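Chains as they are written, first to last, in this note's numbering: chain A, 1071 to 1143; chain B, 383 to 655.
Think of the CB as a built atom: it goes at the ideal place given N, C-alpha and C, for glycine as much as any other residue.
These numbers were taken from a predicted model, which means no experiment stands behind them.
Reviewing the structure listed below.
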């Protein structure tokens, strides 16, 4: 099935869930991203239980710090 | 408006004044405005330089650090001679030199739960130029509770992102990102690097959002996360919505007073950060 991930068409196996998509996209730590599915932000605990459907729009939003840079966490 | 521009100010700000949407009234509005910049580093440097040049009448600078040689690749407000100097002092000197119209207030301290509401209270807009997630969530929560519009931004490697928050009216940082990532889950710029000019672009975008907010011009990046990759040179606007489950601005907020999240993070990992 086709998904739109970060604005780009992506072909994936039918019926995969959000957690499986993250694995496929090599996001090994779900804590690193925030996932928006059709403009609604998911809780991280829901990644493995949220199925994806043909045409779903998924945004993988990454944490970004930056800025001062002397004592980065 | 009780302010009237001097002849020198009319010349200094002439390129603003000729803009139909700014004019003398807009410039007077800027001179009467106050912006707080938290973090005088990669983002705060360009943001504060342009806000000072623009004639924002009062700029507050918050930073507890000193200038380090590794800052100079991107923190263009600090010069080689400033190494070892307090960042707020170094930055304030440059801002006053650029524009004597601007009152610069120096806060040589770290923004924390105990002081941030007092810090932001007197300002019209807040620029988040911090480098860590504890501070970013603290600024978000304080601005939501204190009802201050602010600009969030982050940079890493060749990427930048930006979002403007109008508390109660648009999605906040926590609506999108929920809670700080565990320590070390996300690399910092000092670990992963950042192209210096990326900080400049994103900091200037923050200054642009601040000026638009003060002037009431155009559309802000509210309910929108602007995501930029410098290598592909593509800017994408990702629509985001207020999250009814948001812990600070949702329907049943659980964050009603501020606390320093660093303690909570320590508790989880069992290690000091």
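Burial state of residue 588 of chain B, where buried means 16 or more other Cβ atoms lie within 10 Å = buried
Collapsed DSSP secondary structure at residue 502 of chain B in the structure displayed | helix
Residues of its chain near residue 591 of chain B, where Cβ-Cβ distance is below 8 Å and the 5 sequence neighbours each way are ignored | 533, 544, 546, 602 and 603
DSSP on residue 510 of chain B, reduced to helix/strand/coil?
-> strand
At what residue ranges does the stretch 419-501 of chain B contain a whole run of the beta strand (DSSP E), taking only runs of 3 or more?
-> 440-444 and 485-489
Where do the ends of the alpha helix (DSSP H) carrying residue 326 of chain B lie?
-> In this structure chain B extends from 383 to 655, so residue 326 of chain B is not present and cannot be described.
Is there at least one Cβ from chain B nearer than 8 Å to residue 1074 of chain A's Cβ?
-> no
Just the chain A side, please: which residues come within less than 7 Å of residue 563 of chain B by C-beta, in chain order?
-> 1101, 1102 and 1133
According to DSSP, is residue 1106 of chain A helix, strand or coil?
-> strand
Are residue 537 of chain B and residue 640 of chain B close, meaning C-beta to C-beta below 8 Å?
-> no
Alpha-carbon to alpha-carbon, residue 1089 of chain A and residue 634 of chain B = 27 Å
Grab the span of the beta strand (DSSP E) containing residue 1080 of chain A for me, first residue to last.
-> 1078-1081
Inspect the beta-carbon positions of residue 513 of chain B and residue 557 of chain B and report whether they are closer than 8 Å.
-> Their beta carbons are not under 8 Å apart, which means residue 513 of chain B does not touch residue 557 of chain B by this criterion.
Alpha carbon of residue 1083 of chain A to alpha carbon of residue 1120 of chain A, nearest angstrom = 15 Å
Please report how far the alpha carbon of residue 480 of chain B lies from the alpha carbon of residue 636 of chain B, in whole angstroms.
-> 44 Å
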